[in-house]
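Heads up, the working numbering is the position in the sequence shown plus 10, with the first residue counted as 1.
All residues carry an ideal CB built from backbone N, CA and C; glycine is no exception.
Remember, it's a predicted structure, so these values are computed and weren't measured experimentally.
Taking it in order: structure first as structure tokens, then the write-up.
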Amino acid sequence: MLHLRSLWLIIFLVAGFGLEAQDCQLRVRGRVDDVHHEHGLEYATVYLEESGQGSQCDEEGRFVIEAVCAGKYHFLVSHLGCESKRFYLEISGDTTLAFSLEHHSHMLSEVVVSENRSRTGVGLQHYTIAEAILNRQQGRDLATIASAIPGISVLRTGNGLGKPIIHGLYGNRVQLLNQGIPQEGQQWGIDHAPEIDASTAQKISVIKGSAAVRYGVAAMAGVVLLESAPISSDPHLHGQFSLSYLTNRGGTTTFQFEKAGALARMRLAGSTTFGGDQHTPSYYLTNTGSRQAGLSLLLTNDAGSAFYRSLYGSYYYNETGILRGAHVGNSTDLAAAIDRDVPFYTRDQFTYTLAAPRQRVQHWMVKTELKKQVNEKLRLGLDAALQLNQRQEYDVRRGGRDSLPALDLSLYNLWADLYVLSEKKENNRLTLGVQPRFTHNSNIAGTGIYPLIPNYTLFNPAIYVSWLVQWQNIDWEAGGRMELYDLRASFIDRLGQLHKPSRRNTNHAYNVGLSKEWGHDWQVKSNLAWLIRGAQVHELYSNGLHQGLAALELGNEALGKELSLKWSNDVRWQPGEESQLSTSVYWHYIRDYIYLAPTLENRLTIRGAFPVFEYRQDDVVLKGFDFLWHQGIHHSWEINTKAAYVSGSYTDGSGQLIYMPPLRLSTEMAKTFEPLLGLKDLRTALEVQYTAAGGQNTRITDYAPPPPAWMLVGLSVSAKYEKKKFKTAVQLTVDNLLNQKYRDYLNRLRYFADDTGRNIRISIKLIF
């Protein structure tokens, strides 16, 4: 018993000595800056979650926290109008820290990331969509999210099926990068939306202008990037879970967990979406529901390591219904369907049922990234990926065969980028790279229907070079790319004869750009790009019903190469933290431009009657401008105005190109309130969006006249509640507040139905 008491006494004395020896007289000081202007953020707060200590910054953004014990802490840094950030740091002595926050995080930011400048182009405008905007767009498709940026429109085929349009171009002229990898799937069709779950990305950016030197001729118009944020060194489990509900009708759930371990840092993210028939102001859009799921896993080591390694894997599933009233039985009904106010087969009741016509898509991707910093001046890198894609389209068929796919495609793609980057100094950087690429696409037998697109293999290796240098205080970049396009197709015609056509040509891309800054206020960018692009497989050999478009699509084997010359100029003026103005003006000449045009023929098939479209070539000029203005007032009010216009015309003066985005203007007025009843960042915004009539004075007559101009009003309210280690964000968004009836010129199903009416979106996100 005596020995036991002695043991407890020793333990008590040791513990007491340890407590007494613990250093709790440390001082932590520092500054919180605006990431753009590098000036202090007045009244920002810095809070240590473990100890409950904190400090408010002075008018220069400086803070001091006294009597801090040695240890590891989560620092929570907050400021009105900024997205709060958490940092995990170890304090072992008196420490000076520097934090940066994105002030006015609700607005779009034009950014230049120094490490990636030679990979994106110094003469190109690079916009990142703020986290607050991403939160408001939760549950929407990638194209709709990207359209928050001026100059980006959406080409739609109904609910959830949309492609981004950049400066009037879309499809295989806009490159989609998923975690740095060119997205490969069945994206040759207008209705084939990108097989990407946008909610699993922490960052979405858009590069406007040709970035083809790095990413291939598919980047003729620009690039849409989905990226992962770096995983912190925090060994604790952190994450978020969100739930959204839409009154027009559907719901989305998302989750994300991340943790730094001894062997690797890990992030797991996923989402599910379940939706039913959409609703216009007057009627249901029968058979327009959707099912979607996504899952991704990222494993990395320290991003600042001399040998960086990462492994990324993702899976995406989407099943979407096509408006039932777009598929009719004969030519008479087709003409009537286009003229009707209410589509055929419209039901009076809401349903979640997905019937034919519908689409089902699955996409898998595995990617690895290796970066080795050989010395201060030399870096080697390797990005490699394998992608698998399966696409099935189900049509309305006789004899109870609706469950048998009318189109069944399987694709796999191997892609790699091996590059060396030599950096003599900060503003003198040379990049050399080689990109092998192999694609195989095949039709799965058993559909009983002549395939729309043939079996094919594509071997598409490329080499590129890019040089960034500073001269006369101007950043200059020049680059070139050459790639082999070796296409081998195989199909059996309707007479039973086997054909094995092939195409081999060389694509080229050349680029020169410059960027000049005057202080912190002004920046001017200019970019000149020249591309030569050969016709793609769908443009050459499509021959059949494109089910999602409810149209017959005909390729043209006589198509030749496109030659493209684009000059774009961008100006940014940011005189202070409350103001930002940027504008872009561009001119784009394309000789032998390949496009899909209506023939005005209605063709009757065993699957029904459908309008006919075919691929053609003409010389065209596209020109336009984008405009963005943000004005803050006393840190609490803000006005965001955006405008975009593009004109596409034939060089012979015979008229305008079809499917060019019409003039679009939008203005948002927002108010951020001081903390109220424990709520922080309480913000309310009202947005008015005007879209002019499209398709005016086109040389080609369409199947239906272009719709008139329309205006929509939107409303959003958001707030956050923080308590220790947990944060809750609540968002209420109302689209088409006035329940306006309209048809979007860029929606291919406008021939048959109105667009959706009022939609109230309620979301709640828990962050821990």
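Please report the distance separating the alpha-carbon of residue i from that of residue j.
i, j, result
"Ala619", "Arg504", "19 Å"
"Tyr660", "Ala702", "21 Å"
"Phe623", "Leu610", "8 Å"
"Phe448", "Trp425", "7 Å"
"Ser215", "Ala77", "42 Å"
"Thr154", "Ala208", "10 Å"
"Arg389", "Leu494", "26 Å"
"Ser728", "Thr743", "8 Å"
"Ile139", "Ile502", "46 Å"
"Leu398", "Trp374", "5 Å"
"Phe354", "Gly339", "11 Å"
"Arg401", "Gly195", "9 Å"
"Ser243", "Ser320", "15 Å"
"Tyr466", "Thr682", "55 Å"
"Ser5", "Gly331", "No answer is possible for residue 5: the residues shown for the chain start at 11 and end at 778."
"Gln750", "Val698", "12 Å"
"Tyr180", "Thr708", "19 Å"
"Phe267", "Ala279", "6 Å"
"Ile101", "Glu69", "26 Å"
"Lys377", "Leu247", "24 Å"
"Gln35", "Gly62", "15 Å"
"Ser303", "Ile770", "Rather than Ser, the amino acid found at residue 303 in this sequence is Ala. Answer to the nearest angstrom: the Cα atoms are 22 Å apart."
"Thr342", "Asn612", "9 Å"
"Val227", "Val164", "21 Å"
State the DSSP-derived secondary structure class of residue i, mapped to helix, strand or coil.
i, result
"Gly767", "coil"
"Glu624", "strand"
"Tyr551", "helix"
"Ala395", "strand"
"Gly544", "coil"
"Arg758", "helix"
"Arg407", "coil"
"His450", "strand"
"Asp343", "helix"
"His116", "Reliability fails at His116, whose pLDDT of 49 lies under 50, so the model's placement of it is uncertain and the value that follows must be treated cautiously. Correct three-state label for His116: coil."
"Leu440", "strand"
"Asn521", "strand"
"Val223", "helix"
"Val122", "With a pLDDT of only 37 at Val122, under 50, the local geometry of the prediction cannot be trusted, and the value read off the model is given with reservation. In the structure shown, Val122 sits in coil (DSSP, three-state: anything other than H, G, I, E or B)."
"Leu573", "strand"
"Asn169", "coil"
"Gly335", "helix"
"Asn470", "coil"
"Ala229", "helix"
"Ala653", "strand"
"Ile175", "strand"
Which residues does DSSP list as the beta-bridge partners of residue i?
i, result
"Val698", "Thr677 and Val723"
"Asp351", "Answer is none; Asp351 lacks a bridge partner."
"Thr310", "Arg275 and Ser320"
"Ser594", "Asp580 and Asp636"
"Thr711", "In DSSP, Thr711 forms no bridge with anything."
"Asn45", "Per the sequence shown, the amino acid found at residue 45 is Val instead of Asn. Paired residues: none, contrary to the question."
Give the C-beta separation of residue i and residue j to the nearest angstrom, bearing in mind that I take them to be a contact with Cβ-Cβ under 8 Å.
i, j, result
"Lys633", "Tyr596", "7 Å"
"Glu205", "Tyr326", "5 Å"
"Ser552", "Glu563", "5 Å"
"Leu333", "Ala763", "6 Å"
"Gly103", "Arg72", "Rounded, the Cβ-Cβ distance is 19 Å, inconsistent with contact."
"Gly170", "Ser300", "5 Å"
Candidates the options: which alpha carbon is nearest residue i's?
i, options, result
"Gly336", "Arg768, Phe97, Lys775 and Asn757", "According to the sequence as given, residue 336 is Ala; it is not Gly. Nearest option by C-alpha distance: Asn757."
"Tyr755", "Pro716, Met679 and Pro608", "Pro716"
"Ser645", "Leu667, Leu541 and Ser589", "Ser is not the amino acid found at residue 645; the sequence shown has His there. Closest by alpha carbon: Ser589."
"Ile159", "Gln400, Leu144 and Gly688", "Leu144"
"Ala239", "Ala346, Ala54, Ala211 and Gly705", "Ala211"
"Ile600", "Lys571, Leu606 and Arg613", "Lys571"
"Ala472", "Arg491, Asn465, Lys681 and Pro511", "Arg491"
"Ala222", "Val164, Ala680 and Arg543", "Arg543"
"Ser220", "Tyr520, Gly529 and Val723", "Tyr520"
"Pro245", "Ala274, Ala231, Ala229 and Ser315", "Ala274"
"Gln480", "Leu524, Pro446, Gly456 and Leu508", "Leu524"
"Tyr294", "Arg768, Tyr422 and Gln35", "Arg768"
"Val87", "Ile75, Cys79, Val56 and Ala108", "Val56"
"Gln135", "Arg150, Ser94, Lys382 and Gly161", "Gly161"
"Leu573", "Leu440, Lys652 and Asp629", "Asp629"
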